[in-house]
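Colleague: Each protein sequence line maps, in turn, to chains S and F. Read in order, the letters of the first sequence correspond to residues 31 to 213 in the working numbering. Read in order, the letters of the second sequence correspond to residues 31 to 213 in the working numbering.
Number of protein chains: 2
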Amino acid sequence: MASSSSAGEDATPTRILISVNESSIRGYPHPSISSRTAFDWTLQKIVRSNVAGFKLLFLHVQIPDEDGFDDMDSIYASPDDFQSMNQKEKIRGIHLLQYFVEHSHQLGIQCEAWIRKGDPKEVICQEVKKVQPDILVVGSRGLGPFQRVFVGTVSEYLVKHVDCPVVTIKRKADEAPHDPIDD
Amino acid sequence: MASSSSAGEDATPTRILISVNESSIRGYPHPSISSRTAFDWTLQKIVRSNVAGFKLLFLHVQIPDEDGFDDMDSIYASPDDFQSMNQKEKIRGIHLLQYFVEHSHQLGIQCEAWIRKGDPKEVICQEVKKVQPDILVVGSRGLGPFQRVFVGTVSEYLVKHVDCPVVTIKRKADEAPHDPIDD
Numbered sequence: 031m032a033s034s035s036s037a038g039e040d041a042t043p044t045r046i047l048i049s050v051n052e053s054s055i056r057g058y059p060h061p062s063i064s065s066r067t068a069f070d071w072t073l074q075k076i077v078r079s080n081v082a083g084f085k086l087l088f089l090h091v092q093i094p095d096e097d098g099f100d101d102m103d104s105i106y107a108s109p110d111d112f113q114s115m116n117q118k119e120k121i122r123g124i125h126l127l128q129y130f131v132e133h134s135h136q137l138g139i140q141c142e143a144w145i146r147k148g149d150p151k152e153v154i155c156q157e158v159k160k161v162q163p164d165i166l167v168v169g170s171r172g173l174g175p176f177q178r179v180f181v182g183t184v185s186e187y188l189v190k191h192v193d194c195p196v197v198t199i200k201r202k203a204d205e206a207p208h209d210p211i212d213d
Numbered sequence: 031m032a033s034s035s036s037a038g039e040d041a042t043p044t045r046i047l048i049s050v051n052e053s054s055i056r057g058y059p060h061p062s063i064s065s066r067t068a069f070d071w072t073l074q075k076i077v078r079s080n081v082a083g084f085k086l087l088f089l090h091v092q093i094p095d096e097d098g099f100d101d102m103d104s105i106y107a108s109p110d111d112f113q114s115m116n117q118k119e120k121i122r123g124i125h126l127l128q129y130f131v132e133h134s135h136q137l138g139i140q141c142e143a144w145i146r147k148g149d150p151k152e153v154i155c156q157e158v159k160k161v162q163p164d165i166l167v168v169g170s171r172g173l174g175p176f177q178r179v180f181v182g183t184v185s186e187y188l189v190k191h192v193d194c195p196v197v198t199i200k201r202k203a204d205e206a207p208h209d210p211i212d213d
């Protein structure tokens with residue numbers, strides 16, 4: 031195979047899709063611990079100093095129900111109230127992506143970021159089909175088998191169903207919050 | 031996190047453990063299609079031109095029974111016959127590793143390669159614990175769910191049980207041999 035003697039000759043950067051989400055802990059739109067861990071791992075272990083060799087694609091999937099839940103105490107008196115809720119959601123998503131785009135930009139790494147709504151498992155599969163990245167990086171809370179039964183993991187589903195290679199990056203043990211279900 | 035603004039500052043190379051095995055198709059010790067695919071993918075998509083940034087670790091796990099099977103037509107008349115069988119196995123393993131070490135050397139990538147005996151799933155888990163690579167790359171035949179029931183996959187086991195991030199690289203569709211169980 032000729033390919034094994036041609037490392038680095040390809041001018042097209044390696045396209046890494048990183049699925050990112052908000053932290054469930056803090057009120058303000060911060061990346062989740064596992065999203066940050068996945069991003070940092072990608073930079074430190076894969077991109078390293080070769081910033082021109084990679085392009086990062088950040089996908090944030092907003093779960094409609096989850097965001098609705100945050101607004102359970104709100105009073106909806108007119109259609110405008112729903113409008114403003116949607117606006118709020120949108121702004122939170124944009125703030126989240128800003129974190130990753132700014133960091134990539136500071137390091138001189140090409141990137142793109144976008145938001146989709148729906149079930150993360152399904153949406154990530156669809157986006158991988160469409161975007162065809164070279165690799166998909168997903169963070170994981172690294173829950174034990176007992177916790178996993180109740181929580182289910184997006185990463186396990188993706189490893190099975192997505193067409194491109196998938197790397198699951200577990201949160202470091204010392205970064206786990208008090209309740210490991212949180213992230 | 032300070033780490034996300036320090037891509038590439040770490041002088042320690044990223045250590046990639048690649049599990050390699052022999053082809054089940056050819057008589058002479060050639061790497062399996064999925065091993066070559068995993069190796070080529072690592073070079074093209076991860077290492078790229080940054081050869082100083084990575085160190086490749088090749089682990090070949092020899093399955094005692096499988097090799098015994100090849101020798102079913104042999105006649106064992108004295109303890110020396112078993113000795114020569116062991117020698118033959120050893121040489122096959124060394125030839126296999128030679129392929130990967132030579133290619134890495136030609137590209138100027140640091141590497142190490144070694145052989146272990148036992149059940150691949152268990153041995154790879156043990157070696158990952160001992161060697162602590164940054165990432166484990168395993169090839170996979172990419173069998174469909176129906177074939178998987180009968181064959182079982184080492185890669186699925188590893189994704190669940192190994193401590194470091196695991197990437198499973200499926201064989202390209204056009205590289206699958208006539209019988210997809212072969213590799």
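The beta-carbon is built from N, C-alpha and C at its ideal position, and this holds for glycine as well.
Exposed or buried, what is S/Glu52 when buried is set at 16 or more other beta-carbons lying within 10 Å of its beta-carbon?
Modeller: It is buried - the Cβ of S/Glu52 has at least 16 other Cβ atoms within 10 Å.
Colleague: Residues of chain F with CB under 8 Å from S/Asn80, in chain order?
Modeller: Going along chain F in sequence order, the residues near S/Asn80 (Cβ under 8 Å) are Gly38, Arg78, Ser79, Asn80, Gly83.
Colleague: Measure the Cβ-Cβ separation of F/Leu89 and F/Ser134 and say whether it is below 9 Å.
Modeller: For F/Leu89 and F/Ser134, no; Cβs fall outside 9 Å.
Colleague: Kindly identify the DSSP beta-bridge partner or partners of S/Gly169.
Modeller: S/Ile199.
Colleague: Less than 9 Å separating the beta-carbons of F/Pro195 and F/Asp164?
Modeller: In this structure, F/Asp164 lies closer than 9 Å to F/Pro195 by Cβ.
Colleague: Leaving out the 5 sequence neighbours to the left and right, which residues in its chain are closer than 7 Å to S/Met31 when beta-carbon positions are compared?
Modeller: For S/Met31, the predicted structure reports a pLDDT of 40, less than 50, and the residue's modelled location is therefore unreliable. The matter cannot be settled from this model.
Colleague: Please say whether S/Gly138 and S/Ala220 have beta carbons closer to each other than 9 Å?
Modeller: Outside the shown range of chain S, which is 31 to 213, sits residue 220 of chain S, and nothing can be said about it.
Colleague: What does the alpha-carbon distance come out to for the pair F/Thr72 and F/Val167?
Modeller: Cα to Cα, F/Thr72 sits roughly 8 Å from F/Val167.
Colleague: Could you pull out every unbroken beta strand (DSSP E) segment of at least 3 residues lying fully inside the stretch 118-173 of chain S, listed in chain order?
Modeller: Taking only runs of at least 3 residues, the beta strand (DSSP E) segments lying wholly in the stretch 118-173 of chain S are 140-147, 165-170.
Colleague: Let's test the definition: count the other Cβ atoms within 10 Å of the Cβ of S/Asp213 and tell me whether it reaches 16, buried, or not, exposed.
Modeller: Buried, because 16 or more other Cβ atoms sit within 10 Å of the Cβ of S/Asp213.
Colleague: Using a Cβ-Cβ cut-off of 9 Å, state whether S/Val197 counts as contacting chain F.
Modeller: Chain F, which has a Cβ nearer than 9 Å to the Cβ of S/Val197, makes this yes.
Colleague: On the DSSP letters alone, give me the boundaries of the alpha helix (DSSP H) that F/Ser185 sits inside.
Modeller: Element bounds for F/Ser185: 184-191.
Colleague: Please report how far the alpha carbon of F/Gln117 lies from the alpha carbon of F/Asp110, in whole angstroms.
Modeller: Spanning the two alpha carbons is a distance of roughly 10 Å.
Colleague: When we look at the beta-carbon of F/Lys190 and count the other beta-carbons within 10 Å, is it buried (16 or more) or exposed?
Modeller: Counting Cβ neighbours within 10 Å, F/Lys190 comes out exposed, since fewer than 16 surround it.
Colleague: Can you give me the Cβ contacts of S/Gln74 inside the same chain, cut-off strictly under 7 Å, excluding the 5 residues immediately before and after it?
Modeller: Hits under 7 Å: none found.
Colleague: Take the Cβ of F/Asp193 as the centre, count every other Cβ of all protein chains shown within 10 Å, and call the residue buried at 16 or more, exposed below.
Modeller: Exposed, since its Cβ has fewer than 16 Cβ neighbours within 10 Å.
Colleague: Taking the alpha-carbon of S/Phe84 as reference, which of S/Arg66, S/Lys200, S/Thr42, S/Lys120 has the nearest alpha-carbon?
Modeller: Of the candidates S/Arg66, S/Lys200, S/Thr42, S/Lys120, the one whose C-alpha sits nearest the C-alpha of S/Phe84 is S/Thr42.
Colleague: Using a Cβ cut-off of 8 Å, pull out every chain F residue sitting near S/Asp164, in sequence order please.
Modeller: In chain order: Lys75.
Colleague: Determine which residues of the stretch 42-70 of chain F have a Cβ less than 8 Å from any Cβ of chain S, and write them out in chain order.
Modeller: Within the stretch 42-70 of chain F, the qualifying residues are Thr44, Arg66, Phe69, Asp70.
Colleague: Three-state secondary structure (DSSP) at F/Ser36?
Modeller: Bear in mind that a pLDDT of 47 at F/Ser36, under 50, signals an unreliable position, so the number given afterwards is only what the model happens to contain. In the structure shown, F/Ser36 sits in coil (DSSP, three-state: anything other than H, G, I, E or B).
Colleague: Please list the terminal residues of the continuous beta strand (DSSP E) segment that includes F/Lys49.
Modeller: The identity of residue 49 of chain F in the sequence shown is Ser, whereas the question assumes Lys. From DSSP, the beta strand (DSSP E) with F/Ser49 extends over 44-50.
Colleague: Tell me the DSSP secondary structure of S/Asp97 in three-state form.
Modeller: Only weak support is given to the placement of S/Asp97: the predicted model assigns it a pLDDT of 47, under 50, and the question is left unresolved by the model.
Colleague: With a 10 Å radius around its C-beta and 16 neighbouring C-beta atoms as the bar for buried, classify S/Glu152 as buried or exposed.
Modeller: Exposed, because fewer than 16 other Cβ atoms sit within 10 Å of the Cβ of S/Glu152.
Colleague: In terms of residues, what are the limits of the beta strand (DSSP E) holding S/Lys86?
Modeller: As written in the sequence, residue 86 of chain S is Leu, which differs from the Lys given in the question. Per DSSP, S/Leu86 belongs to the beta strand (DSSP E) from 84-92.
Colleague: Is S/Thr72 near the ligand NAD - that is, is its Cβ less than 8 Å away from at least one heavy atom of it?
Modeller: For the ligand NAD, the structure offers nothing, since it holds no ligand at all.
Colleague: Count the other CB atoms within 10 Å of the CB of S/Asp70; is the residue buried (16 or more) or exposed (fewer)?
Modeller: Burial call: buried.
Colleague: Which of the three DSSP states is assigned to F/Met31 in this structure?
Modeller: At F/Met31 the pLDDT is 40, less than 50, meaning the model places this residue with poor confidence; the figure from the coordinates comes in the next sentence. If DSSP states are grouped into helix, strand and coil, F/Met31 belongs with coil.
Colleague: Could you check whether S/Gln113 and S/Lys147 sit closer than 9 Å to each other, using their CB atoms as the reference points?
Modeller: Taking 9 Å as the Cβ cut-off, S/Lys147 and S/Gln113 do not qualify as a contacting pair.
Colleague: When you compare the CB of F/Lys200 with every CB in chain S, is at least one pair closer than 9 Å?
Modeller: Yes, its Cβ sits closer than 9 Å to a Cβ of chain S.
Colleague: Below 9 Å on C-beta distance, what does F/Val161 contact in chain S?
Modeller: Under the 9 Å cutoff, chain S gives no residues; its nearest Cβ is about 15 Å from F/Val161.
Colleague: Spatial neighbours of F/Val197 within its chain, please: C-beta separation below 6 Å, excluding the five flanking residues on both sides.
Modeller: Val167.
Colleague: Quick one: grab the DSSP three-state call for S/Pro207.
Modeller: If DSSP states are grouped into helix, strand and coil, S/Pro207 belongs with coil.
Colleague: Buried or exposed for F/Lys200, please, with buried defined as at least 16 other CB atoms from any protein chain shown within 10 angstroms of its CB.
Modeller: Burial call: buried.
Colleague: Verify whether the separation of the beta carbon atoms of S/Thr44 and F/Ile48 is less than 9 Å.
Modeller: It is not a contact, given that the beta carbons lie outside the stated cut-off.
Colleague: When the cut-off is 9 Å and only beta carbons count, does S/Val189 lie next to chain F?
Modeller: True, the Cβ-Cβ gap to chain F drops below 9 Å.
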